[in-house]
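Number of protein chains: 2
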Amino acid sequence: MGGGATWAGTRMLEAQQQAGAASVHPFHGEHQAGIITPAQDRLHFAAFDVADITRSELAELLADWTFAAARMTAGLGAGSYGPTSGPYDAPPDDTGEALDLPPAGLTITFGFGPSLFDDRFGLGGRRPDALIDLPHFAGDALVESMTGGDLCVQACSDDPQVAVHAIRNLSRMAFGRASLRWSQLGFGRTSSTTRGQTTPRNLFGFKDGTANPRAEDSTTGAAVWAEKGDGPAWMAGGSYMVARRMRMTIETWDRASLREQETVFGRTKGEGAPLSGGTEFSEPDFALTGRGDSPLIAPDSHVALAHPSNNGGVVMLRRGYNFVDGNDELGRLNAGLFFICFQRDPRTQFVPVQLSLARDDRMNEYVRHVGSGIFAVPPGCREGESIGDGLFGH
Amino acid sequence: MGGGATWAGTRMLEAQQQAGAASVHPFHGEHQAGIITPAQDRLHFAAFDVADITRSELAELLADWTFAAARMTAGLGAGSYGPTSGPYDAPPDDTGEALDLPPAGLTITFGFGPSLFDDRFGLGGRRPDALIDLPHFAGDALVESMTGGDLCVQACSDDPQVAVHAIRNLSRMAFGRASLRWSQLGFGRTSSTTRGQTTPRNLFGFKDGTANPRAEDSTTGAAVWAEKGDGPAWMAGGSYMVARRMRMTIETWDRASLREQETVFGRTKGEGAPLSGGTEFSEPDFALTGRGDSPLIAPDSHVALAHPSNNGGVVMLRRGYNFVDGNDELGRLNAGLFFICFQRDPRTQFVPVQLSLARDDRMNEYVRHVGSGIFAVPPGCREGESIGDGLFGH
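Those protein sequences? They're chains A and B, same order as listed. When we follow UniProt numbering, the leftmost residue of the first sequence carries the number 1, and every step to the right adds one. When we follow UniProt numbering, the leftmost residue of the second sequence carries the number 1, and every step to the right adds one.
Shown next, in the form of structure tokens:
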């Protein structure tokens with residue numbers, strides 16, 4: 001008992017020593033971390049249903065989560081005693097599996113789903129217009145148990161045990177107030193959010209995220225952050241997240257020829273260069289034709305349909321992860337891409353692009369969207385404030 | 001086309017440069033790698049059912065797997081072309097998601113389940129006596145779809161994408177010959193197999209594997225490797241693996257007091273020291289008593305029941321991993337420990353210890369065994385040979 005402060009100080013020091021300053025991202029700030037933060041290697045995403053509680057109890061949950069998240073991202077335990085220093089006859093206020101681990105770049109990002117704005121908490125009048133109910137996309141095969149949620153938490157870290165520890169402890173703190181609706185571990189990031197990061201590969205074996213906007217780009221902020229006047233004041237500095245669980249039919253993909261695979265993407269498999277030539281970061285030339293005057297990049301390829309030049313210049317910040325969740329009863333790996341994107345307004349960014357992809361993308365033969373969520377991600381907060389204070393009006 | 005050799009050479013060089021020699025474990029040798037190899041951080045385990053094929057087709061599958069495993073552990077593609085250098089009109093002979101990644105200590109370890117020795121392949125007479133059908137243990141709640149298997153593959157690497165790539169490509173090569181029966185990803189090792197490794201923590205938040213034998217110990221070989229005269233000659237230099245999927249009821253555990261948690265383990269949560277005193281590596285003193293003459297380490301604690309001194313000196317090499325596979329419909333994380341152990345003879349090592357634990361361990365309140373497998377892990381092979389050559393008689 002009473003050893004909390006010492007333990008905290010030691011852990012903080014150790015964390016900084018072991019991980020280096022670059023691997024501790026400040027929790028407090030104008031924006032929430034985990035959006036333009038350099039994409040970490042591992043993800044634990046969780047969507048929650050809020051229980052039958054009052055509006056002030058909901059605000060209190062957010063305050064408790066903010067307190068714990070600020071601590072955990074600094075390498076501390078979820079509660080002020082930590083996992084081993086509390087009273088012997090009470091459960092520890094941290095579960096302990098991250099006790100010896102540095103935070104490894106941990107970020108924790110909170111969001112509010114459309115259902116939070118129904119009549120339970122008197123928040124209906126505060127729902128941002130941009131927080132739409134996503135339309136049905138052609139080919140959607142959504143599973144109810146992997147869709148929606150009143151709240152979401154995205155925990156990213158370079159160490160999966162640290163990300164799991166964060167979700168577990170937040171889930172535990174929410175006991176009786178909110179419960180896990182669905183969740184997803186991701187093991188390989190499929191995007192770069194800063195220029196210093198190499199482009200990773202998805203489970204189709206292709207580089208993913210070559211054309212993702214980067215934090216350093218002057219135009220990225222305008223694509224990601226909601227501004228004053230876009231909608232309710234409490235969302236200024238926030239963003240909108242869309243999460244999609246895309247199951248890949250990798251066994252079918254693995255039987256497709258290299259030619260077909262490259263045609264589907266519109267890029268080479270090795271280098272990731274557009275089929276119109278050049279290297280990974282060369283701009284695709286959709287007008288260039290080859291034999292028989294057919295375009296070198298097929299108009300229904302993924303790169304053509306998703307490219308900003310074919311979507312009125314629209315970009316969004318992707319932050320997805322690969323996943324494998326065992327196998328199904330036919331012996332097929334339950335594998336795919338957990339797609340996450342952030343944007344200023346999904347009505348003009350994710351939705352039109354996805355409508356186009358869902359209709360025409362050659363890749364549709366190999367993917368099936370089984371889970372989905374959309375969340376308003378409020379701005380960051382200062383020390384002493386809580387995430388969502390603006391929403392609750394204090 | 002024809003670029004395979006160059007690509008292979010480049011990749012090999014890159015792999016060595018990026019990962020350092022210590023992160024490439026030789027595939028060939030007296031024993032299979034992945035047993036006393038320093039435990040890597042990530043696991044992808046898979047159990048397979050063999051299809052209706054002949055004995056020689058089964059031997060051919062093992063030869064194909066050996067060929068691919070030797071390549072992948074060296075940082076090469078599964079096939080001789082690799083993911084991007086083959087003919088354009090054929091599927092690539094590697095799926096490509098590990099193309100830019102070093103092997104990160106990848107090991108691939110093969111095993112044979114009891115069912116392989118039924119009458120399908122004429123191997124009945126070659127089944128080792130030590131490859132028993134595991135008895136029913138008190139409290140077992142085994143799920144058929146996570147139990148058994150004719151063959152198993154344990155892929156371990158410090159990069160999960162590399163481990164997943166290995167299982168995926170072996171599974172793909174087996175198409176029509178063997179199919180995935182069950183599989184498991186693990187993200188945090190729960191043992192140290194060499195003295196240089198720190199003791200990691202399981203999802204109970206306790207250090208796990210403090211008393212694990214280490215590769216450097218002179219007595220470890222005798223506990224792990226089957227010797228000539230132990231059983232069939234083809235198993236000399238091999239080992240026996242037991243895999244158990246242990247679901248933890250972490251929500252219940254998280255409500256237990258620190259005192260109860262430490263009593264269950266018989267160790268302190270922070271340091272991992274035995275409750276009889278000292279530090280992590282101090283020998284537990286089971287005779288030491290405290291107030292009211294009750295032993296400081298409860299006789300039904302996990303450390304007491306599992307300790308060699310209470311099991312006739314028996315040790316086995318553990319090589320387990322933490323897992324979280326989403327959540328159940330009640331919002332509880334589907335989390336636990338994927339226990340793996342290797343030993344010379346499960347009849348005298350795993351079985352008696354587990355019978356004792358299953359009967360009396362205080363930890364049973366918080367765990368449920370839902371998956372199980374036992375496998376004969378044949379010895380390693382030399383270049384030009386295949387894993388299991390001894391079994392098939394050539």
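Think of the CB as a built atom: it goes at the ideal place given N, C-alpha and C, for glycine as much as any other residue.
For the structure I just gave you, are there three or more beta carbon pairs, one from the stretch 162 to 171 of chain A and one from the stretch 117 to 126 of chain A, closer than 8 angstroms?
no
Quick check: what's the CA-CA separation for residue 303 of chain B versus residue 291 of chain B? By 1-based counting over the second sequence, the position of residue 303 of chain B is 303. By 1-based counting over the second sequence, the position of residue 291 of chain B is 291. Cα to Cα, residue 303 of chain B sits roughly 20 angstroms from residue 291 of chain B.
Check the DSSP bridge columns for residue 44 of chain B and list the partner residues they point to. Within the second sequence, residue 44 of chain B is the residue found at index 44, counting from 1. Bridge partners of residue 44 of chain B: B/155, B/185.
Original post:
Looking at chain A, which residues of the stretch 316 to 331 of chain B have a Cβ within less than 8 angstroms of any of its Cβ atoms?
Top reply: 322, 324, 325, 326, 327, 329, 330, 331
Residues sharing a beta bridge with residue 322 of chain A, DSSP: As a first step, residue 322 of chain A must be located in the first sequence, where it is residue number 322. For residue 322 of chain A, which the question treats as bridged, DSSP gives the partners A/188, A/337.
For a contact defined as C-beta to C-beta under 7 angstroms, what are the partners of residue 364 of chain A on chain B? In the first sequence, counting from the first residue as 1, residue 364 of chain A sits at position 364. Near residue 364 of chain A there are no residues of chain B at all, since even the closest Cβ is about 19 angstroms away, more than 7 angstroms.
Of all the residues that make up the stretch 329 to 352 of chain B, which are near chain A by a beta-carbon distance shorter than 8 angstroms?
329, 330, 331, 332, 333, 335
Exercise. Please confirm whether residue 207 of chain B and residue 280 of chain B have their CB atoms less than 8 angstroms apart.
Key: Residue mapping note: residue 207 of chain B aligns to position 207 of the second sequence, counting from 1. Residue mapping note: residue 280 of chain B aligns to position 280 of the second sequence, counting from 1. It is a contact, given that the beta carbons lie within the stated cut-off.
**Request:** Spatial neighbours of residue 373 of chain A within its chain, please: CB distance less than 7 angstroms, with the 5 preceding and 5 following residues excluded, ordered by chain position.
**Result:** Numbered from 1 along the first sequence, position 373 holds the residue referred to as residue 373 of chain A. The answer, listed in chain order, is 47, 113, 147, 148, 149, 152, 243.
May I ask you to verify whether the stretch 328 to 339 of chain A touches the stretch 322 to 335 of chain B, counting CB pairs closer than 8 angstroms and requiring at least 3? no
| request: Compute the Euclidean distance between the alpha carbons of residue 240 of chain A and residue 25 of chain A, then round it to the nearest angstrom. | output: By one-based count along the first sequence, residue 240 of chain A stands at place 240. By one-based count along the first sequence, residue 25 of chain A stands at place 25. About 21 angstroms.
* Reduced DSSP category for residue 248 of chain B - H, G, I as helix; E, B as strand; rest coil -> Taking the second sequence and counting its residues from 1, the one referred to as residue 248 of chain B is at position 248. In the structure shown, residue 248 of chain B sits in a strand (DSSP, three-state: E or B).
Rounded to the nearest angstrom, what separates residue 352 of chain A and residue 186 of chain A at their Cα positions? Residue numbering aside, residue 352 of chain A sits at position 352 when the first sequence is read from its first letter. Residue numbering aside, residue 186 of chain A sits at position 186 when the first sequence is read from its first letter. Computed Cα separation, rounded: 26 angstroms.
Worksheet item: Should residue 120 of chain B be flagged as near chain A, meaning a C-beta pair shorter than 8 angstroms?
Response: As a first step, residue 120 of chain B must be located in the second sequence, where it is residue number 120. Cβ-Cβ to chain A under 8 angstroms: no for residue 120 of chain B.
Secondary structure of residue 350 of chain A, DSSP reduced to three states | Residue mapping note: residue 350 of chain A aligns to position 350 of the first sequence, counting from 1. The answer is helix: DSSP assigns residue 350 of chain A an H, G or I state.
Cβ-Cβ distance between residue 226 of chain B and residue 235 of chain B below 8 angstroms | In the second sequence, counting from the first residue as 1, residue 226 of chain B sits at position 226. In the second sequence, counting from the first residue as 1, residue 235 of chain B sits at position 235. Against a cut-off of 8 angstroms, the Cβ pair of residue 235 of chain B and residue 226 of chain B comes out as a contact.
Identify, in the order they occur along the chain, each residue of the same chain with its Cβ nearer than 7 angstroms to the Cβ of residue 350 of chain A, setting aside the five sequence neighbours on each side. Translated into positions along the first sequence, residue 350 of chain A becomes position 350. Result list for residue 350 of chain A: 242, 316, 341, 343, in chain order.
Return no unless some Cβ of chain B is closer than 8 angstroms to the Cβ of residue 99 of chain A.
-> The sequence position of residue 99 of chain A within the first sequence is 99, counting from 1. Chain B, which has a Cβ nearer than 8 angstroms to the Cβ of residue 99 of chain A, makes this yes.
(request) Run through the UniProt domain "Dyp-type peroxidase N-terminal" (32 to 187) of chain A for me and flag every whole alpha helix (DSSP H) of 4 or more residues, listed as ranges in chain order. (result) Listed in chain order, they are 55 to 73, 160 to 173.
Residue from A/31, A/44, A/34 whose Cα sits closest to the Cα of residue 335 of chain B: Here residue 335 of chain B is taken as the residue at index 335 of the second sequence, counted from 1. It is A/44 whose Cα lies nearest to the Cα of residue 335 of chain B.
Quiz item: Checking contacts by CB at 8 angstroms: is residue 170 of chain A closer than that to chain B?
Solution: Locating residue 170 of chain A in the first sequence gives position 170, counting from the first residue. No, residue 170 of chain A lies away from the interface with chain B (no Cβ there is under 8 angstroms from its Cβ).
Q.
Please classify residue 366 of chain B as buried or exposed, where buried requires at least 16 other C-beta atoms within 10 Å of its C-beta.
A. Counted from its first residue, the second sequence places residue 366 of chain B at position 366. Buried, because 16 or more other Cβ atoms sit within 10 Å of the Cβ of residue 366 of chain B.
Q.
If the criterion is Cβ atoms closer than 8 angstroms, does the pair residue 84 of chain B and residue 254 of chain A meet it?
A. If you number the second sequence from 1, residue 84 of chain B lands on position 84. If you number the first sequence from 1, residue 254 of chain A lands on position 254. Taking 8 angstroms as the Cβ cut-off, residue 84 of chain B and residue 254 of chain A do not qualify as a contacting pair.
Using alpha carbons as the reference points, say which of A/131, A/199, A/72, A/348 lies closest to residue 312 of chain A.
What you label residue 312 of chain A is simply residue 312 of the first sequence in a count that begins at 1. If we check each option's Cα against that of residue 312 of chain A, A/348 comes out closest.
Output the distance between the C-alpha atoms of residue 355 of chain A and residue 99 of chain B, rounded to the nearest integer angstrom. Start at 1 with the first residue of the first sequence, and residue 355 of chain A comes out as number 355. Start at 1 with the first residue of the second sequence, and residue 99 of chain B comes out as number 99. So the alpha carbons of these two residues sit roughly 32 angstroms apart.
*asked:* Would residue 177 of chain A pass as an interface residue toward chain B - the criterion being a Cβ-Cβ separation below 8 angstroms?
replied: Within the first sequence, numbered from 1, the residue matching residue 177 of chain A stands at position 177. No - not a single Cβ of chain B is within 8 angstroms of the one on residue 177 of chain A.
Exercise. Using the C-alpha atoms, what's the distance from residue 70 of chain B back to residue 282 of chain B?
Worked result: Position 282 of the second sequence, counted from the first residue, corresponds to residue 282 of chain B. Position 70 of the second sequence, counted from the first residue, corresponds to residue 70 of chain B. Answer to the nearest angstrom: the Cα atoms are 40 angstroms apart.
### Query
In chain order, what residues of the same chain have a beta carbon less than 7 angstroms from the beta carbon of residue 310 of chain A, not counting five sequence neighbours either side?
On the first sequence, position 310 is the one that residue 310 of chain A refers to. Contacts found: 304.
| said: Under 9 angstroms, CB to CB, which of the residues in the stretch 185 to 213 of chain A have a partner in chain B? | reply: 185, 187, 188, 198, 199, 200, 201, 202, 203, 204, 205, 206, 207
Using only alpha-carbon positions, find the residue among B/358, B/379, B/386, B/157 that is nearest to residue 138 of chain B.
On the second sequence, position 138 is the one that residue 138 of chain B refers to. Considering only B/358, B/379, B/386, B/157, the residue with the shortest C-alpha distance to residue 138 of chain B is B/358.
Q.
As a quick exercise: from A/60, A/104, A/132, pick the residue whose alpha carbon is nearest that of residue 74 of chain A.
A. Within the first sequence, numbered from 1, the residue matching residue 74 of chain A stands at position 74. Ranking A/60, A/104, A/132 by Cα distance to residue 74 of chain A puts A/104 first.
**For residue 265 of chain A, three-class secondary structure by DSSP** = Residue 265 of chain A sits at position 265 when you count from the first residue of the first sequence. Helix, per DSSP.
Could you tell me whether the stretch 195 to 210 of chain B touches the stretch 259 to 275 of chain B, using the rule of 3 or more Cβ pairs below 8 angstroms? yes
| DSSP state of residue 10 of chain B, grouped into three classes? | The residue you call residue 10 of chain B lines up with position 10 of the second sequence. Confidence in residue 10 of chain B is poor, its pLDDT being 39 and thus under 50, which makes the residue's placement unreliable; the coordinate value appears in the next sentence. Residue state, collapsed to three classes: helix.
Thinking just about the alpha-carbon of each residue, which of A/184, A/173, A/101 is nearest to the one in residue 158 of chain A?
Counting from 1 along the first sequence, the entry for residue 158 of chain A is found at position 158. Ranking A/184, A/173, A/101 by Cα distance to residue 158 of chain A puts A/101 first.
Report yes if the CB atom of residue 272 of chain B is closer than 8 angstroms to the CB atom of residue 199 of chain B, and no otherwise.
-> Position 272 of the second sequence holds residue 272 of chain B. Position 199 of the second sequence holds residue 199 of chain B. It is a contact, given that the beta carbons lie within the stated cut-off.
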